[in-house]
Amino acid sequence: MSDSLLATVFVAILGGALRVSTPFMFVALGECLTEKSGRVNLGLEGTLVMGAMSAYAVSYHSGSPWLGVLAAGCAGAALGSIHGFVCKLPRVNDIAFGIAMMLLGTGLAFFFGKAYIQPTAPRLDSISLGAWTGNAKLTSALQIHPLLLIGIVVAIIMYWAFANTRWGLLVRMSGDSAASARAMGVSVDLVRFLATAAGGFLAGVGGAFLSLYYPGSWNQGLSSGQGLMAVALVIFARWNPLRCVAAAFLFGATGAIGPALQSVGVTQGYYFFNAAPYILTLLIMVGSAGSKNASRDAPGELSITK
Amino acid sequence: MTQPQALSLETIGMTKIFGPLVALGDVSLKVEAGSFHALLGENGAGKSTLVKCIMGFYQADKGSLLLNGQEVNVRNPRDARALGLGMVYQHFTLVPCLTGAENLVISRADAPAIIDWAKETKALEAFLERMPFRAPLNIPVSQLAAGEKQKLEILKLLYLDQRLLILDEPTSVLTPQEADEILGLLRGMTDRKEISVVMITHKFREVTAFADSLTVLRRGQRVGGGKVSELSTDAMARMMIGDTQITTRATRIEKAPGAAVLEVAGLSSHDEADKNVLDRVNLKVKSGEIVGVAGVSGNGQSQLMEVLSGQRPVHEGRIFVRDQPFEPTRDSFYRLKIFGLPEEPLKNATVPRMSVSENMAFRSFDRPPNAKWGWWLSPGPMRAKARELIETYRVKTQSPDSAIGDLSGGNVQRAVLARELSGDVDVLIVANPCFGLDFASVAEIRSQIMEQRNRGAAVLLISEDLDEILELADRVAVMSEGTISYVAPIGETDRATIGMHMAGHD
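So the sequences go chain by chain: A and B.
Counting from 1, one number per residue, gives the positions in the first sequence under my numbering.
Counting from 307, one number per residue, gives the positions in the second sequence under my numbering.
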């Protein structure tokens, strides 16, 4: 492969990573917040799809894609609230109920979304960061969507808030030692409820990105498990929002390998490269299962680490 | 700024009834401002119920609570906090992933929404300046030693301006020296009338050394109390036990121990984070002797027990029994006649939902007469054997077919001990065998252990109760940071020396 081809592939992967990583990032940040409070919400896959559908539908009817993003967030928060509420009932397993919520979310989205598969809704605009390079390919790769920047800002705020705000400390407390939190008069259930709802909001926004920007249409195969991969990603990122962003880029980049190679005419192993994110998820799960660091950083109350 | 003053506390006729059980019957107690009050009693005597009523975890059915002479109504722990009542629990209530500073600041009811760490750090430093002791504030609590955690727990209450501290067996996780240091500092604060202390304990030594007044509870009733200076420990013990006769007493038959039976050589084991929890442990136990392993909770004793009972993989090193290498297989246990009573036997040595008779047959269910051809089991002989053991070891159960999980702690302990001692024992490994039991059961179980020693078994006794080791052991080994740091015959050592080694000083 010549240098220019390599550069093309690299630029395509970069562009793909910037595009594909955003939904990963939002779902991962949402899951990170929820898990920090001591609960696992596997329903975020359903939330993601539901968010995508809501965003597309609202954008189509109102003509404003940003209103769609807000609607996606609210739909996600609603699903998160259901999870948060049901899981505080006695003897409810958050993982099992999360799987139920995943199916409910996708099912609802398909049910309400049937009508929106055909029409075209207004999409979100992107910001061009690459014009100064004078290179057409780089310019198109560096078409960045504002949601990506918002996601990074949210991650930084979360990182800061976990250490510097009362709410941040309360979330960490509830996630690491519910008994201590209760002894201080903190309502652990309320903290977890709010954290799950807020996590759902973020995941819903991630869904809006899918339907309104990239790939940019609503159909039933939109998510293909990204919500679930994001859960693995949180473990990989060891419950640190900043590392969640980095891990999302990594996932995005592996997801972009296949299309990037195809763009330069390498079609061999196309399906294999398309499966790269799933393989990466598998490797990460195997790797982190034996990881000492992951077990040390995991919130003590999580049902997956207990 | 005026120094906050100690509070006085009084309960009048506190009563708490759970179903058919009167957990607390008409208990009145008076703690003067600035006094150090000990609350004595056996397990189940109602000490915890009383303080939980005071702290608002339970609502008393009858009776009233007076603070500084005024009746107050405590509906929940938050009320108690607002009134200046603070409690140090047996387990730590600090959040492990937060640093000391984060734990202190967030425990404040008025914790700011956005925390200005520069300002808070300065305020915390100023606070520590006024305190008689310090604790590190900038590292996560999970990395602190037990003594530091305990200090931080107490600092937290003082930081919250709580002037009546209730301590629930505060020294169970500390070395004798750490315990003395912390209790001494608290005593100093009570003498200066800065705080009042109520301490739940069953250690007479701590009562006589630090408390000035005491109350004794038995079966939910106040059975005595008064000034510590006017009571002997004998009198206190009599009040605690009541008229229960302690019939059995461990008697040691003096004879020279035989050959080494159990030998642990260079044993290491890792935890999940690859840290050495056991670090080249060397230990020999001879036939006819009890080797007591002392140490502060969390220094590798549980892990040693887990390795010896086959619950934890060995990383390095070997275990020998009568010079044969020991692998924790069912066959080895049987062939080498190794038996054991782990701590928390309900969790570690029984299947709670299976019946008493099934649990008692765990060692022998696959051998005749309980089984034919090694797999066809016959419940008849099992039940017959269980009946016999229940009789001999006085296990209180409705029938051999009741689930063992329904039995009381002491009876589970006796049932497991019956199973383990019913055969021919060469090696007996026990861990905290008397934890949480009443006086009578304690004496009985200790005498069973002593009897095995007298019979010629090699006994390894892992215990966090130093008094138990001093009573039973022929030799003492001290465990500190995962290794045996000190071994001595019981006659050639004393509490202070053992305590020094428990703290890791040579």
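Each residue gets a CB set at the ideal place from its N, CA and C atoms; glycine is no exception.
Note that the coordinates shown come from a computational prediction; the quantities given were computed from them, not determined experimentally.
The three-state reading of DSSP puts residue 536(B) in helix, counting H, G and I together. For residue 300(A), the nearest beta carbon of chain B is closer than 8 Å to its own beta carbon. Below 8 Å, enough C-beta pairs join the stretch 765-781 of chain B and the stretch 730-737 of chain B to call them touching: three or more. Annotation for residue 320(B): the continuous beta strand (DSSP E) segment containing it runs 315-324. Rounded to the nearest whole angstrom, the CA to CA distance from residue 162(A) to residue 219(A) is 37 Å.
Here the stretch 112-128 of chain A lies against the stretch 57-65 of chain A, with 3 or more beta-carbon pairs under 8 Å apart. Sequence-ordered contacts of the stretch 154-167 of chain A with chain B read 161, 163, 164, 165, 166, 167 [C-beta pairs closer than 9 Å].
Following the DSSP letters along the chain, one finds residue 642(B) in no beta strand (DSSP E) but inside the alpha helix (DSSP H) bounded by residues 636-642.
Counting along the chain, residue 505(B) sits inside the beta strand (DSSP E) bounded by residues 502-507.
Annotation: Cβ neighbours of residue 408(B) in chain A (cutoff 7 Å, chain order): 169. In this structure, DSSP gives residue 585(B) an extended state, which the three-state scheme calls strand. Within the DSSP secondary-structure output, residue 328(B) pairs in a beta bridge with 323(B). Counted as a single uninterrupted DSSP element, the alpha helix (DSSP H) harbouring residue 486(B) occupies residues 482-497. Chain A has no Cβ within less than 8 Å of the Cβ of residue 424(B). Cβ proximity to chain A below 7 Å picks out nothing from the stretch 467-488 of chain B. Residues are counted here when their Cβ sits less than 7 Å from a Cβ of chain A; for the stretch 338-365 of chain B the count is zero. For residue 574(B), the uninterrupted beta strand (DSSP E) segment begins and ends at 566-576. For residue 376(B), the enclosing beta strand (DSSP E) covers residues 376-378. Residue-level contact check: residue 38(A) does not touch chain B, since none of the beta carbons of chain B fall below 8 Å from its beta carbon.
Cβ neighbours of residue 394(B) within its own chain (closer than 8 Å, five residues either side excluded): 456, 459, 460, 463, 471, 472, 473, 474, 476. Where residue 785(B) is concerned, the enclosing beta strand (DSSP E) starts and stops at 781-786. For the stretch 272-285 of chain A, no residue has a beta-carbon sitting nearer than 7 Å to a beta-carbon of chain B. Using a Cβ-Cβ cut-off of 8 Å, residue 189(A) does not count as an interface residue toward chain B, since no Cβ of chain B sits closer than that to its own. For residue 516(B), the secondary structure class from DSSP, reduced to helix, strand or coil, is helix. A residue is called buried when at least 16 other Cβ atoms come within 10 angstroms of its Cβ; residue 56(A) meets this threshold and is buried. With a threshold of 8 Å between beta carbons, residue 429(B) makes no contact with chain A. The DSSP assignment places complete alpha helix (DSSP H) segments of no fewer than 4 residues inside the stretch 162-217 of chain A at 166-176, 178-183, 188-212, in order along the chain. When DSSP states are grouped into helix, strand and coil, residue 474(B) belongs to the strand group. When C-beta atoms of the stretch 16-33 of chain A are compared with those of the stretch 136-151 of chain A, three or more pairs fall below 8 Å, so the two segments count as touching. Beta-bridge analysis with DSSP links residue 393(B) to 472(B). For residue 56(A), the enclosing alpha helix (DSSP H) stretches over residues 44-62.
Residues 105, 106, 109, 207, 222, 223 of the same chain have their beta carbon placed closer than 7 Å to that of residue 49(A), with the five preceding and five following residues left out of the count. Residues of chain B whose Cβ lies closer than 7 Å to the Cβ of residue 125(A) do not exist; the shortest such Cβ separation is about 34 Å. Within the same chain, Cβ atoms closer than 7 Å to the Cβ of residue 613(B) are found at 573, 575, 584, 620, the five residues on either side in sequence being excluded. Shown in chain order are the members of the stretch 375-405 of chain B whose Cβ falls below 9 Å from a Cβ of chain A: 382, 383, 384, 387, 393, 395, 397, 398, 399, 400, 401, 402, 403, 404. Runs of alpha helix (DSSP H) with 4 or more residues, each lying fully within the stretch 709-786 of chain B, are found at 715-727, 745-761, 772-778, listed in chain order.
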